[in-house]
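Asker: Same order as they appear, the protein sequences are chains F and E. Residues in the first sequence are numbered consecutively from 14, following our numbering. Residues in the second sequence are numbered consecutively from 154, following our numbering. Even glycine gets a Cβ: it sits at the ideal position worked out from N, Cα and C. If you're wondering where the values come from, they're calculated on a predicted model, not measured in any experiment. Take this structure first; my questions come after.
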Amino acid sequence: MNTFDVRELVLTYDGKAALQHVSMNIIPKQVTALIGPSGCGKSSLLRCLNRMNDLIDGCNVEGEILFHGENIYAKNYNVYELRTKVGMVFQKPSPFPMSIFDNVAYGPRCQGINDKKTLENIVKKALVDAALYDEVKERLKESAMALSGGQQQRLSIARTIAMQPEVILMDEPTSALDPIATGKIEELIFDLKKHYTIVIVTHNMQQAARISDYTAFFLMGNLVEFNTTEQIFRQPTQAKTEEYITGRFG
Amino acid sequence: MMSLVGVMVLALIMGFIINRGVGLLTWDLLIGDYHPTTYNLSLPTTESLGGFARPNDLDESAFFSQMWGLGLMDDVDFEGKAVVRVIYVDAQSPLQMMRDKNNLERVVGLFPGLALEKVIFSDLTIGLSRTKAENFIILFDTHEGINDLLAVSSGNGIRGAIITTGLLIGFALMIALPIGIFSAVYLHEFAPKNNAFIHTMRKMIDTLSGVPSIVYGLMGAAVFIPFTSRISKAEGGNLFSGALTLAVMVLPIIISATIDALRAVPDDYRKASLALGANHTQTTFRIVIKSAVPGIMSAVLLSVGRMIGESAALIYAVGTAIKDHIILTEKSASLAVFIWSVMAGEVPNFELACSVAIIIMMVVLFINVLIKLVARRFALLP
Ligand SMILES: Nc1ncnc2c1ncn2[C@@H]1O[C@H](COP(=O)(O)OP(=O)(O)OP(=O)(O)O)[C@@H](O)[C@H]1O
Ligand SMILES: [Mg+2]
């Protein structure tokens, strides 16, 4: 069964369409990359998957998105629960102005977990899984603001996986990072996909080719092509896709 | 050029105030009573007379009685009248054992700072009053008992005004802080965004911070004095009505400063928190308000600064009578009103007024520095 089934999704901002009749599926324990030129609606789609679009005034969604067969846009669907299962890592790392430990423990605490021992275990495991533990284990009580950009982004990932979600959504998670920090995150994504379903937006073709199993190419709110990454990069069926991935686009 | 003139005028005023007031700035000023107390003491007989040595650090112009261990000096009070000041009483001096004439059980030793008005010695029917320190000492050294001693404490302390101000600010913050912070949080985080009513509310709050404080004072007189009189045994201005008046006065300051602080919290924090499955309330209280704490602290400091220097709003609500022993349900004068009161008397006490002005200015300066420091820390955070 697919993790997500997106069906005939139409998304508008103040009446202006940003996504038009998009249908695709997200396959469990795989990395799906969303690519396409700026403004084509990648972030908009990603935000639909955990309903972060709810926060945007004037954003309206039609069609349906099934998460394990259940429409997340149904009337009484529990959004907060959805977001504990579908985590999100943003382009700009945004640690909370509190300690490293408290950052990672924040999500579990909001779910009512307050036992010190339990939290310590969760935090440690999340930091280990996010490949950050060794760098910060001596200063868990210090402010997260003092970390480097790459460390902050891995902290954001740790914060997300502390919730033990099923899916991690990442919107250009490396675009604010240098090549070394980017490499670390890419390695991390490679490890994470054993346990998590990952959907990642990226502008970097090599990155999409390196880390993803499936790729979806968008253009002006339309899903042009969706296939295995291998197919897309080796034998795209659409001329537009080929133009874009070979850099002749524009 | 104009600004230079402005700075010079300001410097002149400050220099003048500091020059006049700095002389009185002592610890005794801060902890002393304002109203002079008259001591009527006596010590008819004593065994332990004589043999006291003049201390080395006693002022050159002071007179010392070796028999009583007492140092006196000619001085003037703030009105310029000559007085004889007690400046030293030996620890072993029999004067330490003097008793209250009205209640002979009570031992009230003579202490430095008192002005000696009149002394009637045991073997003398005629007393000595309003004379020079030297004359007093001559008589002290030739007499062995005191029937009657009249001494007056100098007064002019501002302890009462400090306590009044502290209580007013404390109570006002206790009222205004929770209300102000919750209003700001509601207006900024929970209220519907495009609502005309909310919009008007905010505009009104902004306008309220510009209302002259005498208007708040009138409101205090019209609303809070009757209100507090009804629920307590107050019969006019009192500290509660004053605190309520101040609370209403600083409420707009606290609300707008808190809203500014909330506005400065990056939206990324809210998004990140919600993306972790936290709900709106959790996000607001665990992330947003927490990140806004430095801003809220400056809001508090800002309002404290405003309240310290406030006089007009308090003249009716707490009154202008300077008190030494503060009773919550009675009138008293805060620091700023104190200045007005000492200048309004028959003999304006300019030095004292300037001293209090210096104190207020120093506190306000200190608060401004604190606000800067808090703001600097705040800027470092995100
Ligand atoms: N909050 C918003 N309000 C109004 N319009 C928006 C909003 N966010 C995005 N849009 C519009 O929706 C369209 C798709 O935007 P989206 O951010 O999804 O693109 P994107 O593919 O993520 O672009 P980029 O690669 O630059 O991040 C754009 O035309 C954009 O202007
Ligand atoms: Mg985007």
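1) For E/Ser444, return the contacting residues in chain F, with the cut-off set at a CB-CB distance below 8 Å.
2) With a Cβ-Cβ cutoff of 9 Å, do E/Ala325 and E/Val403 count as a contact?
3) How would the residue list near ligand 2 read, in chain order, if you kept each one whose beta-carbon is closer than 7 Å to any heavy atom?
4) Nearest to E/Lys484 by CA position, among E/Ala396, E/Asn502 and E/Val242, is which residue?
5) Look up E/Ile290 in the DSSP assignment and say whether it is helix, strand or coil.
6) Quick one: what's got a C-beta closer than 6 Å to F/Ser225's C-beta in the same chain, skipping five residues either side?
7) Counting only Cβ pairs nearer than 9 Å, list the residues of chain F close to E/Lys424.
8) How many Å lie between E/Asn391 and E/Leu481 at the Cα?
9) Strictly below 8 Å CB to CB, what residues from chain E border F/Gly120?
10) Measuring CA to CA, which of F/Lys42, F/Met176, F/Tyr86 and F/Tyr146 is closest to F/Asn73?
11) What is the DSSP secondary structure of E/Val471, reduced to helix, strand or coil?
12) CA-CA distance, E/Asp477 and E/Trp180?
13) On the DSSP letters alone, give me the boundaries of the beta strand (DSSP E) that F/Gly76 sits inside.
14) Could you round the C-beta distance between F/Gly100 and F/Ile181 to whole angstroms and report it? I think they count as a contact, below 8 Å.
15) Spatial neighbours of E/Gly313 within its chain, please: CB distance less than 8 Å, with the 5 preceding and 5 following residues excluded, ordered by chain position.
16) Beta strand (DSSP E) containing E/Gly319: first to last residue?
17) When we look at the beta-carbon of E/Thr190 and count the other beta-carbons within 10 Å, is it buried (16 or more) or exposed?
18) Does the beta carbon of E/Ile449 come closer than 9 Å to any beta carbon on chain F?
19) Look at F/Leu22 and F/Gly71 and say whether their C-beta atoms are less than 9 Å apart.
20) Listing by chain order, which chain E residues have their CB less than 9 Å from the CB of F/Arg167?
21) Using 9 Å as the threshold, is the C-beta distance between E/Val242 and E/Phe217 below it?
22) Would you report the Cα separation of E/Ile520 and E/Ile322, rounded to the nearest angstrom?
23) Would you please verify whether the beta carbon of E/Arg439 is less than 9 Å from any beta carbon of chain F?
24) Check the Cβ of F/Thr97 against every Cβ in chain E and list those closer than 8 Å, keeping chain order.
25) Assuming F/Gln165 is part of the alpha helix (DSSP H), what are its boundary residues?
26) How about F/Val136 and F/Ala159: do their beta carbons lie closer than 9 Å?
27) Taking all protein chains shown into account, do 16 or more other C-beta atoms lie within 10 angstroms of the C-beta of F/Thr210, making it buried, or fewer, making it exposed?
28) Can you tell me whether DSSP reads E/His188 as helix, strand or coil?
29) Taking only beta-carbon atoms, is E/Pro535 less than 9 Å away from chain F?
30) Taking the straight line between their C-alpha atoms, what separation do you get for E/Glu499 and E/Leu415?
31) Identify whether E/Leu302 lies in helix, strand or coil by the three-state DSSP scheme.
32) Give the C-beta separation of F/Ile113 and F/Val149 to the nearest angstrom, bearing in mind that I take them to be a contact with Cβ-Cβ under 8 Å.
33) Say whether chain F places a C-beta atom closer than 9 Å to the C-beta of E/Pro419.
34) Does the beta carbon of F/Tyr93 sit closer than 9 Å to a beta carbon anywhere in chain E?
Answerer: For this structure:
1) Ordered by position in chain F, the residues that pass the 8 Å Cβ test against E/Ser444 are Phe109 and Pro110.
2) Contact flag set, yes.
3) F/Lys55, F/Ser56, F/Asp184, F/Glu185 and F/Val214
4) E/Ala396
5) helix
6) Val44, Ala46 and Thr242
7) Met65, Leu68, Met101, Phe103 and Ser107
8) 6 Å
9) Leu429, Gly430 and Ala431
10) Of the candidates F/Lys42, F/Met176, F/Tyr86 and F/Tyr146, F/Tyr86 places its Cα closest to the Cα of F/Asn73.
11) coil
12) Approximately 16 Å between the Cα atoms of the pair.
13) Residues Cys72 to Phe80.
14) 5 Å
15) Only Asp186, Tyr187, Ile475, Lys476, Asp477, His478, Ile479, Ser485 and Ala486 meet the Cβ criterion.
16) No beta strand (DSSP E) holds E/Gly319; the alpha helix (DSSP H) holding it covers Arg312 to Val338.
17) exposed
18) no
19) no
20) Chain E residues near F/Arg167: none, gap ~14 Å exceeds 9 Å.
21) no
22) 14 Å
23) yes
24) Leu429 and Gly430, listed in chain order.
25) Gly162 to Ile174
26) no
27) buried
28) coil
29) With a pLDDT of 43 at E/Pro535, under the threshold of 50, the modelled position of that residue is not reliable, and no figure is offered here.
30) For E/Glu499 and E/Leu415, the distance between alpha carbons rounds to 51 Å.
31) Note: E/Leu302 maps to strand in three-state DSSP.
32) 5 Å
33) yes
34) yes
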